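Participant: Numbering (the working numbering), first residue to last: 22 to 243. The beta carbon of each residue, even a glycine, is placed where N, CA and C say it ideally should be. Just so it is clear, the structure is predicted and the values come from calculations on it, not from any experiment. My questions all concern the structure below.
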Amino acid sequence: MKKLIIAIDGPSGVGKSTLGKELARRLGYLYIDSGAVYRAVGRQAIDSGVALDDRDSLARIARESDIRLEGDPDHLKIFLNGRDVTREIRSPDASHASSVVAILPEVREAIVEKLRRMGSEGGVIMDGRDIGTKVFPSAQVKLFLEAAPDVRARRRWIEERERGREVDIDQIAAEIEERDRRDRGRAATPLVRSDDAVLIDTSDMKIDHVVERVLEIVESQS
Numbered sequence: 022m023k024k025l026i027i028a029i030d031g032p033s034g035v036g037k038s039t040l041g042k043e044l045a046r047r048l049g050y051l052y053i054d055s056g057a058v059y060r061a062v063g064r065q066a067i068d069s070g071v072a073l074d075d076r077d078s079l080a081r082i083a084r085e086s087d088i089r090l091e092g093d094p095d096h097l098k099i100f101l102n103g104r105d106v107t108r109e110i111r112s113p114d115a116s117h118a119s120s121v122v123a124i125l126p127e128v129r130e131a132i133v134e135k136l137r138r139m140g141s142e143g144g145v146i147m148d149g150r151d152i153g154t155k156v157f158p159s160a161q162v163k164l165f166l167e168a169a170p171d172v173r174a175r176r177r178w179i180e181e182r183e184r185g186r187e188v189d190i191d192q193i194a195a196e197i198e199e200r201d202r203r204d205r206g207r208a209a210t211p212l213v214r215s216d217d218a219v220l221i222d223t224s225d226m227k228i229d230h231v232v233e234r235v236l237e238i239v240e241s242q243s
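As structure tokens, this is what we get:
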């Protein structure tokens with residue numbers, strides 16, 4: 022069977038990573054969370070003492086940092102310059118830093134090149150916000166997920182609680198709204214659905230149903 026590139030795009034809280042990991046398990050593909058790469062750059066900026074308004078230094082970090090993703094979907098590890106930062110990149114300060122660096126065109130260009138190298142041989146599932154439009158515009162399978170705002174906020178709230186963090190669901194909803202505004206309004210590769218992406222609303226769909234639908238799409242392209 023031909024090894025495909027599967028691009029999954031959409032805003033936060035729509036189920037991109039859940040779908041990507043389950044597809045990777047079923048297909049034996051590599052799963053790449055592009056957001057983890059941005060978080061790693063944010064983490065490196067913090068650790069290096071680089072100000073988040075120092076665009077030149079941030080772009081240099083994005084170009085020069087060695088970022089690798091290893092392991093199966095259930096045990097995915099992120100290595101930054103040879104160091105395991107899987108947990109560190111999920112900290113609040115790294116999350117904030119990644120949201121800042123992600124809107125910078127020069128940073129995004131550097132990371133796009135890294136992502137292309139990671140998935141160049143196919144057999145890969147990559148999720149993000151510009152995978153099908155910028156990173157792999159020729160991907161054989163393109164998906165764009167969406168869900169109702171209240172559903173997305175509740176999903177993120179549950180994720181945070183599972184990580185042992187007590188957070189207010191209204192605060193999460195406000196953060197999601199702000200992130201959407203930044204993602205859709207940024208100058209460099211804003212969040213948009215490509216014309217050839219299959220739109221899937223996951224609001225009322227169980228993950229098994231979403232997976233089965235996507236597997237049918239994958240089979241039609243193999």
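1) On the criterion of 16 or more Cβ atoms from any shown chain inside 10 Å, does Arg60 qualify as buried, or is it exposed?
2) Quick one: any contact between the segment 70 to 89 and the segment 25 to 44, if contact means 3 or more CB pairs under 8 Å?
3) For Ile146, is the classification buried or exposed, using 16 other Cβ atoms within 10 angstroms of its Cβ as the cut-off for buried?
4) Just checking, does the segment 201 to 217 make contact with the segment 151 to 158 on the three C-beta pairs under 8 Å criterion?
5) According to the neighbour-count rule (16 or more other Cβ atoms, all chains shown, within 10 Å of its Cβ), is Ser33 buried or exposed?
6) Quick check on the DSSP output: what are the complete alpha helix (DSSP H) runs of length 4 or more inside the segment 102 to 137, in order along the chain?
7) Going by beta-carbon coordinates alone, are Lys98 and Glu109 separated by less than 7 Å?
8) Pick helix, strand or coil for Leu44, following the three-state DSSP scheme.
9) Leaving aside the five residues before and after Lys37 along the sequence, list all residues of the same chain whose C-beta is less than 8 Å from its C-beta, in chain order.
10) Give me, in chain order, the residues of the same chain whose beta-carbon lies closer than 8 Å to that of Val122; leave out the 5 immediate sequence neighbours on both sides.
11) DSSP beta-bridge partners for Asp222?
12) Just list the residues that DSSP pairs Val162 with in beta bridges.
13) Are the CB atoms of Pro94 and Arg46 nearer to each other than 7 Å?
14) Taking the CB atoms as reference points, tell me whether Val162 and Val239 lie closer together than 7 Å.
15) Using the Cβ count rule (16 or more neighbours within 10 Å means buried), how would you classify Ser159?
16) Look up Asp68 in the DSSP assignment and say whether it is helix, strand or coil.
Facilitator: The relevant details are as follows:
1) buried
2) no
3) buried
4) yes
5) buried
6) 113 to 122
7) no
8) helix
9) Ile29, Asp30, Gly31, Asp148, Gly149, Leu166
10) Tyr59, Val62, Gly63, Ala66, Leu73, Leu79, Ala83, Val128
11) Glu167
12) Ile27
13) yes
14) yes
15) exposed
16) helix
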